[in-house]
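J.: Using numbering that gives the first Met the number 0, read the sequence shown as starting at 0 and increasing by one per residue.
C-beta: ideal position from N, C-alpha, C; glycine also.
Quantities reported herein were computed from a predicted structural model and do not represent experimental measurements.
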Amino acid sequence: MDRAAFETLDRDDPLRPVRERFLLPPDIVYLDGNSLGALPSLVVQRLSRTIRDEWGRGLIRSWNDADWVGAPQRVAARIAPLIGADADEVAVCDSTTVDLFKLVVAAARLRPDRPAIVTVEDDFPTDRYVVDGVADLLGLQVRNVTRADLGAAIDDDVAAVVASHVDYRSGYRHDAAALTATAERSGALLVWDLSHSTGAAPVDLHSWRADLAVGCTYKYLNGGPGSPAYLYVSRRLLDAGALSPIAGWFGHAEPFAFDDRYAAAGTAQRFLAGTPPILSTLALEAALEVWEGVPLDAVHHKARALTGRFIELADDHLAPLGAAVVTPRDPEARGAHVSLRHDGGYPVMRALIGRGVIGDFRPPDLLRFGFAPLTTRYVDVWDAVETLRQVLEGGAWRGDHRSQPGVP
Ligand SMILES: *Cc1c(COP(=O)(O)O)cnc(C)c1O
């Protein structure tokens, strides 16, 4: 195949018009939408209107007149179909880290006689820090196990399990329905972290019979830097009395009754704590409008195709230069990013970024490329491999000993 073949794939891509809903610089290949999604143009319009008219002129009246107060629920209703949930099982608030804390505490309290929480060794660090913190707080033990040992580690002593659906480094994707069933059989509550899945790989919480989940919105959902996260609590667990450890007024059944006593809302809104960050919540609401009319099957198909093509080209052109694919080759076992292991480390990625191909680097030695299906073109796959081939052959990165700057 040559570059022209990739141009043909773009021409035939049913999602091609969706990319035009985003503002992307013309001179770069952006393969980091799995870390910070691109900017939808609707967000620019929405935020300037909100700031000038609703905040500037409407002032306090905008809580009602512009329905700021309903924003978290409206956004939850837009996320629900993307994750296979009902709107009242989803809340949009705080960060993924804080939401995970709330759900792990809630899960542990629903299983009071069980002393253990299970986490996965290679999962995103914040998830493991949160579990250690909850274990400390509640006097529980942590079983930090390899992914291969995960199923076997879930026994009758386990209150909660935390697992990333798609691994942030390797891109490995769990068989979510199978692992959820394993947890259910031993009575443990599994909290899925969907940060690297939603908007990229199939997520169907109801069909998985999932209990709890959290996820990030600034990656494949394009909510903008630090946009609020979402959490999911199944109707079963809401009815069983799942509660946030942060009993705040926005989680109250009637926040504006200013009641003396806390009474949790009947829906997942009970997991809200304080005043929602309205600007970022409304930016996220506008960003989610790009999903209107977009068939999720086409999105998942494109993610498989982009990653599959990249893997093929990398095997042919980059593996001989020392960059080996570490992401699963089975499309059912990966998300929408691919990682290559290379000894050159971060200087290789810096050289690549210098040539206009933006991926990222994850220690100790992974070059990571995200193929956000709404914004990535097939030619981007070709151009990225070709540019990386030139970088590796040229070897200019070898003299670069600067360390990696801070990246979230
Ligand atoms: C991106 C990501 C997070 C981010 O958490 P924040 O609280 O938004 O910083 C958490 N978990 C996983 C698996 C992630 O990929």
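Would you list the one or two residues that DSSP bridges to His251?
T.: DSSP output for His251 lists Ala263 as bridge partner(s).
J.: With a cut-off of 8 angstroms, do at least 3 Cβ pairs link the stretch 182 to 191 to the stretch 216 to 224?
T.: Short answer: they don't touch.
J.: Please list, in chain order, all residues of the same chain as Val384 whose beta carbon is under 8 angstroms from its beta carbon, the five residues on each side excluded.
T.: So the list reads Phe309, Leu312, Ala313, His316, Leu317, once near-sequence residues are dropped.
J.: Can the beta-carbon of Gly150 be found less than 8 angstroms from the beta-carbon of Leu178?
T.: In contact: Gly150 and Leu178 (Cβ atoms closer than 8 angstroms).
J.: Roughly how many whole angstroms lie between the Cα atoms of Val117 and Asp154?
T.: Rounded to the nearest angstrom, the two C-alpha atoms are 10 angstroms apart.
J.: Can you tell me whether Lys101 sits near ligand 1, meaning its C-beta is under 7 angstroms from at least one heavy atom of the ligand?
T.: Incorrect: Lys101 has no Cβ contact closer than 7 angstroms to ligand 1.
J.: Once you ignore the five residues that flank Ala32 on each side, which residues in its own chain have a CB closer than 6 angstroms to its CB?
T.: In the sequence as displayed, the identity of residue 32 is Gly instead of Ala. Cβ neighbours of Gly32 beyond the five flanking positions: Gly369, Ala371, Thr374.
J.: Measuring only from the beta carbon, is Tyr167 closer than 7 angstroms to any heavy atom that is part of ligand 1?
T.: Yes, the beta carbon of Tyr167 sits closer than 7 angstroms to at least one heavy atom of ligand 1.
J.: Using CA coordinates, which residue listed in Leu287, Ala158, Arg113 is at the minimum distance from Tyr217?
T.: That would be Leu287, whose Cα lies nearest to the Cα of Tyr217.
J.: Under a three-way DSSP split, which group does Leu137 fall into?
T.: Note: Leu137 maps to helix in three-state DSSP.
J.: Taking the alpha carbon of Arg367 as the point to measure from, which residue in Arg349, Arg376, Val378 has its own alpha carbon closest?
T.: Here the closest residue by C-alpha is Arg349.
J.: Are there three or more Cβ pairs, one per stretch, closer than 8 angstroms when the stretch 269 to 278 is compared with the stretch 42 to 58?
T.: These segments touch.
J.: Is Asp399 near ligand 1, going by C-beta to nearest heavy atom under 7 angstroms?
T.: Result no, Cβ not under 7 angstroms from ligand 1.
J.: Where do the ends of the alpha helix (DSSP H) carrying Ser40 lie?
T.: 40 to 48 is the span of the alpha helix (DSSP H), which, as asked, contains Ser40.
J.: Does the beta-carbon of Cys92, which I'm using as the reference point, lie nearer than 7 angstroms to any heavy atom of ligand 1?
T.: Because no heavy atom of ligand 1 lies under 7 angstroms away, the Cβ of Cys92 does not count as near it: no.
J.: Please tell me whether Glu88 and Ala267 are closer than 8 angstroms, where the distance is taken between their beta carbons.
T.: For Glu88 and Ala267, yes; Cβs fall inside 8 angstroms.
J.: From this set, Thr386, Ser338, Gln389, which residue's C-alpha is nearest Asp364's C-alpha?
T.: Checking every option, the nearest Cα to that of Asp364 belongs to Ser338.
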